[in-house]
Structures are given as C-alpha cells and as structure tokens.
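Reading through the structure tokens given below for one structure.
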Amino acid sequence: MRPRPPVKGRGIFSGTGLVIAALAATAAALLYPLLSYADRPGPAAGATVLSAQTVTTPYGPLSAQDRDFITKIRLAGLWALPAGELAERKGTTAAVRTAGQHLVDGHTSLDAHVRTVAGQLGIPLPNEPNAQQQEWLDTLKSAQGQDFDRQFAGLVRLAHGRVYALVAEVRAGTQNSLVRDLADDANATVLDHIKVLEATGYVDFAALAQELAASPTPVPTPPAVEPGAAVPVTPSPAESYSMPPATTSPPPATSGS
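Letter 197 of the sequence shown, counting from 1, is numbered 231 in my numbering, and no numbers are missing.
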C-alpha cells in the first residue's frame with residue numbers, strides 16, 4: 035500500500051503547534067527570574083524580621099524603635115535631673131542655675147510620663163544611668179567655677195541634641211498612640227532645655243556640630259527592672275530658692291583659660 039503524503043497544515047510545524055511552542059517559551063521566560071532568585075535573600079526576609087520585632091498592643095503596633103525610645107527617655111532623666119541639681123548649686127551665673135532648674139522640673143515630669151507608658155506597655159526600664167552618663171556626672175561633680183558652667187552646658191546640650199533627633203524620628207514613624215503622646219511631651223521638654231542651655235552662652239556650637247556628626251560610641255544599657263519597680267526620678271529634698279530669668283550672659287573667656 036502506497037504511503038499517503040502528509041496533509042498540509044499538520045505536524046509539529048502546524049499553526050497549532052507553533053502556538054503551543056510560543057506559549058511554552060513565554061511561560062519559561064516568566065518563570066526563569068523567579069526560579070533563579072528563589073535562593074537569594076530579598077525584601078520578604080527583611081519584612082519578616084521587622085514583623086517579628088513589632089508587637090501588637092491595645093494602643094497600636096509597638097516597634098523595636100518605640101521600645102528603645104522609651105528606654106532612652108528614661109535614661110535621659112536618670113542623669114539629666116542630677117546634672118540639673120548640680121547646676122542649681124554650682125552654676126556661677128543666673129543663666130546656668132536657671133537651666134539647671136529647667137532640667138530638674140522638666141525631667142521630673144517627663145520621667146513620670148515615661149514610667150506610666152512603660153507600665154501600660156509592659157516595657158522594663160533601667161534604674162541607673164549608663165556608663166557614659168555616669169562618666170558625665172562624675173565630670174560635673176569634679177568641675178568648679180566657669181569650668182563647671184562650660185562642661186555642664188556642653189555635655190547636657192550634646193545629649194539633648196541626640197535625644198531631640200531621636201524624638202523627631204520616632205514621632206514621624208510610630209504607630210503607637212502612647213508613644214506618640216510621649217514623643218510630643220519629650221519634644222517640648224527637650225526643646226525647652228536646649229534653649230535654656232544655649233541661653234547660658236557657654237555652648238560651643240562648632241564643637242557641638244562635630245560631636246553630633248560623629249557616630250556615638252555604643253554604651254551598654256544598665257540592667258532593666260519591671261516597670262512597677264522603676265524608682266521615680268525626683269529632685270533631692272534640698273532647700274529650694276527662686277532664681278532670676280536666664281538673661282545674664284557669661285563673662286568673656288580670657289586667653290589662656
């Protein structure tokens with residue numbers, strides 16, 4: 035029997051075959067990038083980490099940055115209030131003593147706020163300054179006269195500048211209503227302290243800019259305690275006195291001082 039010749043339009047090169055081949059090639063082209071990147075780390079891995087660091091609360095999501103912020107606000111009061119008390123006693127000008135009083139009043143109030151927030155969110159707090167802050171306090175305790183005034187204004191202004199930047203960052207991005215309220219309170223308090231410190235006339239802005247631009251050296255945070263065990267930051271029961279407004283400028287520095 036004579037073989038029949040192929041029918042025109044059939045076989046692998048027929049119209050249907052070409053369409054199937056084209057679809058297969060397209061599918062392969064679409065799947066290749068997905069398969070080739072399957073073993074590479076991508077944005078999804080980072081999203082998982084961020085999700086793991088954020089917890090749900092009745093007041094909104096609480097991020098790792100939120101918790102760090104609450105701890106740092108507590109730490110700020112643990113050293114800035116004693117520094118303010120030193121300025122009230124040792125400051126040689128009315129402006130320095132007034133700045134000290136602002137620190138005492140402001141951090142007494144802000145510390146009460148941060149302890150309340152920590153209790154509501156279940157965040158443990160330190161009960162003592164960190165190593166760097168204790169070093170600053172030791173420096174102020176040993177300084178005398180105008181050297182104290184300069185050290186006080188410089189150290190406290192530097193610390194408040196770093197906290198002020200953190201407050202703005204947290205306030206802009208937090209999803210937690212308690213943290214937002216605390217950031218608003220901290221913003222007003224820290225800005226007030228920055229202004230009264232600058233009013234002393236002892237802030238070296240050139241040195242301050244260099245310090246703020248440099249990366250701060252990490253300092254371990256002291257051991258934390260349960261929120262209810264955090265000791266309130268309160269002024270020492272010393273005799274108080276009224277002080278004039280911060281209008282007195284410090285005497286000009288003499289050469290060789």
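No residue lacks a Cβ here, since even glycine has one placed at the ideal position from N, Cα and C.
Let's see if you can read the secondary structure: which residues bound the alpha helix (DSSP H) around N221? The count along the sequence shown starts at 1 and reaches residue 221 at position 187. Secondary structure note for N221: its alpha helix (DSSP H) is the uninterrupted segment S211 to E232.
Which runs of the alpha helix (DSSP H), 4 residues or longer, sit entirely within the region 145-214? Qualifying alpha helix (DSSP H) stretches, in chain order: 165-176 and 179-207.
What is the residue span of the alpha helix (DSSP H) that T330 lies within? A query on residue 330 cannot be resolved here, the shown segment of the chain reaching from 35 to 291 and no further.
With E245 as the anchor, note down where its alpha helix (DSSP H) starts and where it stops. For the purposes of this step, residue 245 is taken as residue 211 along the sequence shown, with counting starting at 1. Segment F239 to A247, the alpha helix (DSSP H) holding E245.
Just verifying my parser: in three-state terms, what is the DSSP assignment at A264? Here the question's residue 264 lines up with position 230 in the sequence shown. DSSP places A264 outside both helix and strand once states are collapsed to three, so it counts as coil.
With DSSP collapsed to three states, give me the class of V253. Stepping through the sequence shown from its first residue, residue 253 is reached at position 219. Looking at V253 - three-state DSSP - the assignment turns out to be coil, as it is neither helix nor strand.
Rounded C-alpha distance that separates A128 from A220: The count along the sequence shown starts at 1 and reaches residue 128 at position 94. The count along the sequence shown starts at 1 and reaches residue 220 at position 186. Approximately 25 Å between the Cα atoms of the pair.
So, for V237: in the same chain, excluding its five sequence neighbours on each side, which residues have a beta-carbon less than 7 Å away from its beta-carbon? Within the sequence shown, the letter at position 203 stands for residue 237. So the list reads A187, G188, R191 and L231, once near-sequence residues are dropped.
Cβ separation of T126 and Q87, assumed to be a contact under 8 Å, to the nearest whole Å: Reading the sequence shown from its first residue, position 92 is the one you call residue 126. Reading the sequence shown from its first residue, position 53 is the one you call residue 87. Contact doesn't hold; Cβ gap of about 47 Å is too wide.
May I ask you to report which of helix, strand or coil DSSP gives P77? Sequence index remark: in the sequence shown, residue 77 carries index 43 (1-based). Caution is warranted here: a pLDDT of 35 is assigned to P77, below 50, making its placement in the model unreliable, and no coordinate value can be reported.
Short check: CB of H136 to CB of H194, under 7 Å? Position 102 of the sequence shown, counted from the first residue, corresponds to residue 136. Position 160 of the sequence shown, counted from the first residue, corresponds to residue 194. In this structure, H136 sits away from H194, with a CB-CB distance that is not shorter than 7 Å.
Under a Cβ-count criterion, where at least 16 other Cβ atoms within 10 Å of its own Cβ denotes burial, should A248 be classed as buried or exposed? Translated into positions along the sequence shown, residue 248 becomes position 214. That one is exposed.
Give every residue of the same chain whose Cβ lies closer than 6 Å to the Cβ of A217, excluding the five residues on either side of it in the sequence, and list them in chain order. Counting from 1 along the sequence shown, the entry for residue 217 is found at position 183. The residues are V201, V204 and R205.
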